[in-house]
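Student:
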DNA sequence: CAGCGTTAGGCAAACGATTGCATGAAACGA
DNA sequence: TCGTTTCATGCAATCGTTTGCCTAACGCTG
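Protein chains in written order, with the numbering used here: chain H, 223 to 592; chain R, 223 to 592.
#1: Look at the alpha carbon of residue 342(H) and the alpha carbon of residue 550(H), and state the distance between them as a whole number of angstroms.
#2: Quick check: the Cα distance between residue 574(R) and residue 525(R), rounded to an integer number of angstroms?
#3: Given residue 459(H), which residues of its chain have a CB within under 6 Å of its CB, disregarding the five upstream and five downstream residues?
#4: Closer than 6 Å by C-beta to residue 200(R): which residues in its own chain qualify, once you throw out the five before and the five after it? Chain order, please.
#5: Flag this pair as yes or no: are the beta carbons of residue 398(H) and residue 561(H) separated by less than 8 Å?
#6: Can you name, in chain order, every residue of its own chain whose Cβ lies under 6 Å from the Cβ of residue 246(R), other than the five neighbours on each side?
#7: When you compare each of 366(H), 580(H), 404(H), 393(H) to residue 305(H) by their alpha carbons, which one comes out closest?
#8: Could you confirm whether any beta carbon from chain H is found closer than 8 Å to the beta carbon of residue 302(R)?
#9: Specify whether the segment 484 to 493 of chain R and the segment 415 to 422 of chain R touch according to this definition: at least 3 beta carbon pairs, one from each stretch, less than 8 Å apart.
#10: Taking buried to mean at least 16 other C-beta atoms within 10 Å of its own C-beta, is residue 530(H) buried or exposed?
#11: Does the ligand SAM have even one heavy atom less than 7 Å from the beta-carbon of residue 418(H)?
#12: Whole angstroms is fine: what's the gap from residue 447(H)'s alpha carbon to residue 495(H)'s?
#13: Looking only at its own chain, which residues have a Cβ that is under 8 Å from the Cβ of residue 466(H), when we skip the five neighbours before and after it?
#14: For the segment 344 to 362 of chain H, list every residue whose C-beta sits within 9 Å of some C-beta in chain R, in sequence order.
#15: I want to know whether the segment 503 to 512 of chain R touches the segment 553 to 560 of chain R - three or more CB-CB distances under 8 Å.
#16: Give the single residue among 433(R), 258(R), 568(R), 513(R) whose Cα lies nearest to the Cα of residue 538(R).
#17: Tell me which residue opens and which closes the alpha helix (DSSP H) that residue 285(H) is part of.
#18: Select from 352(H), 364(H), 266(H), 309(H) the residue whose C-alpha is nearest the C-alpha of residue 340(H).
#19: With 8 Å as the threshold, decide whether the Cβ of residue 500(H) is near any Cβ in chain R.
#20: Alpha carbon to alpha carbon, what distance is there between residue 440(R) and residue 595(R)?
#21: Give the C-beta separation of residue 345(H) and residue 388(H) to the nearest angstrom, bearing in mind that I take them to be a contact with Cβ-Cβ under 8 Å.
#22: To the nearest angstrom, how far is the alpha carbon of residue 548(H) from that of residue 371(H)?
#23: List the whole-angstrom C-beta distance separating residue 364(H) from residue 297(R), where the pair is believed to meet the contact cut-off of C-beta under 8 Å.
#24: Would residue 489(H) pass as an interface residue toward chain R - the criterion being a Cβ-Cβ separation below 8 Å?
#25: Excluding sequence positions up to five away, which residues of its chain have a Cβ less than 8 Å from the Cβ of residue 457(H)?
#26: Looking at C-alpha atoms only, which residue of 511(R), 533(R), 523(R), 502(R) is the closest neighbour of residue 517(R)?
#27: Beta-carbon of residue 330(R) versus every beta-carbon of chain H: anything under 8 Å?
#28: Using DSSP with H/G/I as helix, E/B as strand and the rest coil, what is residue 492(H)?
#29: Using the three-state DSSP reduction, which class does residue 347(H) fall into: helix, strand or coil?
#30: Just to confirm before moving on: does the CB-CB distance between residue 461(H) and residue 489(H) stay below 8 Å?
#31: For residue 529(H) and chain R, any beta-carbon pair shorter than 8 Å?
#32: Would you mind working out which of 330(H), 332(H), 431(H) sits nearest residue 351(H), comparing C-alpha positions?
#33: Could you check what DSSP says for residue 456(R) in three-state terms: helix, strand or coil?
#34: Since residue 269(H) and residue 276(H) are thought to touch, with beta carbons under 8 Å apart, how far apart are those beta carbons, to the nearest angstrom?
#35: Looking at C-alpha atoms only, which residue of 540(H), 401(H), 469(H) is the closest neighbour of residue 527(R)?
#36: Please list, in chain order, all residues of the same chain as residue 572(R) whose beta carbon is under 6 Å from its beta carbon, the five residues on each side excluded.
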């Protein structure tokens with residue numbers, strides 16, 4: 223005997239308008255559910271969300287509620303919930319671009335950790351445009367993200383939400399930075415080359431917009447001088463252009479060869495440019511590692527599958543992503559842990575086929591290019 | 223004892239509790255703005271959103287509103303707006319995993335097109351787990367996405383929002399599918415190999431979960447028989463395992479070699495597996511392209527930078543992503559264009575260094591592996 | 001039996017925008 | 001001067017939840 227009339231018309235979905243076409247089968251809300259149960263929305267909400275106040279609600283009622291929710295396929299409206307609780311369960315990720323390589327690897331770590339916590343994320347790419355970075359930061363905040371992760375992205379201002387950068391440098395106060403131990407990384411590579419017997423080492427520095435460039439270079443300088451080696455200016459080239467491709471590395475290497483100063487090994491800024499470099503060497507009739515040794519950086523997927531397989535300094539990108547996500551989550555979580563300043567992770571040298579001792583007294587010079 | 227009227231304490235931010243720390247400088251809302259202007263929220267909203275009713279509001283007032291909004295740094299609350307307008311300006315993207323390669327390339331196209339339209343997107347990866355796919359689809363809908371893009375992801379059910387798949391097959395009614403012309407793609411590759419003089423061609427098929435596998439294979443069968451070539455069973459291997467790496471291609475090639483049936487060329491399922499294959503050949507003492515020709519598929523970034531540079535069938539992945547995004551946008555846009563069934567894009571053969579005519583009467587056989 | 005603590009749940013006010021309808025004044029035509 | 005538009009703006013409902021506070025009934029104690 224269905225007595226409680228009240229909002230009865232609502233309780234029967236599909237009544238009212240005769241199968242109205244423009245009304246998509248709007249999903250049931252708390253209201254419908256409550257009406258159907260003869261309870262108030264408040265009670266239903268409390269049960270469903272397991273609010274503390276639900277303690278005083280008898281098990282039998284709770285079961286009724288759960289059963290009805292399942293049966294009517296109730297799905298809470300996250301938008302409404304977000305509005306009310308001022309929690310979007312979303313964090314924002316900024317990166318230079320969505321492409322193979324660095325950022326993507328980190329992103330996969332971020333995603334893994336975030337999923338576990340039922341957080342979603344927005345991705346925006348800024349292609350190294352400072353103005354775009356600023357704008358993205360705002361748009362994300364407008365979207366009510368609860369935290370920000372910036373991958374290889376220089377932030378001008380601190381936001382009002384917890385922020386962590388991956389490979390950021392001189393970040394504003396209060397943002398956590400996840401970074402590689404660049405000194406150790408450089409030492410690893412230089413040591414390897416040095417032990418093989420290389421003395422004339424060429425370098426490819428990163429683009430100026432890349433946050434790692436300076437720290438890495440500093441590490442290299444330290445490592446070189448610690449081993450009594452000199453960095454000769456003609457043997458350093460810088461990546462130019464913001465294409466996330468192998469081209470800049472290729473071009474930089476051609477410049478190195480054109481400079482005519484002999485060298486027996488090259489330490490590239492990353493794997494992608496190392497691969498471009500190898501191609502440039504091949505085109506110049508030089509083979510790797512017989513004529514020149516090459517060491518890359520990052521250890522991207524394909525590094526191991528190059529021909530020759532690339533010797534490289536591995537950066538635990540996936541893990542750095544996970545750490546970043548974990549940090550944000552901690553800072554926005556109930557504990558609201560304060561931001562730590564910095565988390566540094568360790569590189570690892572992966573020796574493969576692109577390095578070997580130099581041919582005695584036979585350093586590569588750029589002659590072929592003149 | 224200040225037992226202040228509770229509501230009053232809220233109305234003056236910064237009063238009540240002395241410099242309350244837990245009250246972040248809550249951003250100004252329509253309400254504050256309206257109060258400051260001596261107007262009603264309704265009017266302010268109308269002006270700011272350029273609602274049709276704003277036509278009757280005099281320019282001078284509008285200017286006042288805009289000025290105040292700028293000055294007070296008003297930023298609309300997107301969550302509230304979404305709730306009211308039932309528009310989240312967000313679409314959901316499903317893909318197997320965030321990693322280098324296929325899905326990422328497509329994603330970059332999606333992102334580009336969506337940004338232009340001020341849409342954001344959620345990314346979820348399901349690692350080919352059917353159950354996860356289902357769950358993700360729900361979670362995205364719960365998050366009120368207005369559309370769905372599924373990349374290399376088999377959908378069981380049609381959702382209540384416009385959906386487009388990239389490289390989907392047998393999708394439910396009403397979803398738009400963006401796909402490559404696989405018959406043409408196969409023809410391109412086979413033709414190339416055939417014209418070079420190859421007759422014994424080996425194949426690496428895709429994993430069974432990959433949506434492209436069947437269509438591609440069908441295209442290959444057609445192309446082969448059209449040229450009077452036979453597909454010999456011992457010369458086809460299938461990628462196994464769901465690692466998004468080069469390993470499966472490497473392993474498949476070893477199986478091919480182990481089978482001992484001679485062949486002069488290999489057509490791989492994608493570039494990533496082709497690269498794995500090349501390594502397997504090298505390890506077996508065979509060189510590419512002298513001993514075996516290899517053609518890949520997709521034309522990922524690094525294909526051109528392999529050694530040897532990879533001959534491959536280019537799939538316009540970035541553009542497919544853009545098309546996918548454009549389609550969703552059209553279907554959810556004001557015009558609400560109906561879903562088209564299918565959009566097919568054309569492949570392109572990129573000839574590089576990994577293919578050349580076979581050495582006369584000297585097909586590779588797997589002997590070395592026995 | 002007055003008093004009080006539980007128990008079981010409802011009321012209604014947020015959250016911050018959008019929007020249909022209403023209104024009061026000015027402008028306009030007859 | 002009296003309708004009738006048009007203008008300029010305000011009122012209040014709504015979107016779907018969450019949550020602080022309230023109440024009514026019941027059981028117990030002293």
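Positions of the beta carbon are idealized from the N, C-alpha and C atoms, including for glycine. Note that the structure is predicted; figures quoted are calculated from it, not measured.
Tutor: Quick look at the numbers:
#1: Rounded to the nearest whole angstrom, the C-alpha separation of residue 342(H) and residue 550(H) is 13 Å.
#2: 9 Å
#3: 426, 474, 477, 478
#4: Lying outside 223 to 592, the shown extent of chain R, residue 200(R) is not represented and no answer is given.
#5: yes
#6: Interpretation of residue 246(R) is limited by its pLDDT of 48, a score under 50 that renders its predicted location unreliable; the figure taken from the coordinates is listed afterwards. The answer is none, since no qualifying residue turns up.
#7: 366(H)
#8: yes
#9: yes
#10: Buried.
#11: Although the ligand SAM was asked about, the structure shown includes no ligands whatsoever.
#12: 25 Å
#13: Answer for residue 466(H): 318, 319, 321, 322, 323, 494, listed in chain order.
#14: Cβ contacts with chain R: 344, 345, 346, 347, 360, 361, 362.
#15: no
#16: 568(R)
#17: 281 to 293
#18: Residue 309(H) is the option with its Cα nearest to residue 340(H).
#19: yes
#20: Residue 595(R) lies beyond the residue range present for chain R, which begins at 223 and ends at 592; the question has no answer from this structure.
#21: Contact flag wrong, Cβ pair sits at about 14 Å.
#22: 11 Å
#23: The distance from the Cβ of residue 364(H) to that of residue 297(R) is about 5 Å, consistent with a contact at the 8 Å cut-off.
#24: It does not: the Cβ of residue 489(H) has no partner Cβ on chain R nearer than 8 Å.
#25: Excluding residues within five positions, the ones whose Cβ falls inside 8 Å are 422, 423, 424, 425, 478, 481, 483, 485.
#26: Closest option to residue 517(R), Cα to Cα, is 533(R).
#27: yes
#28: coil
#29: In the structure shown, the three-state DSSP call for residue 347(H) is strand.
#30: With contacts defined by Cβ atoms closer than 8 Å, residue 461(H) and residue 489(H) do not form a contacting pair.
#31: A Cβ of chain R is located within less than 8 Å of the beta carbon of residue 529(H).
#32: For residue 351(H), the nearest C-alpha among the options comes from 431(H).
#33: helix
#34: 5 Å
#35: 469(H)
#36: 521, 534, 536
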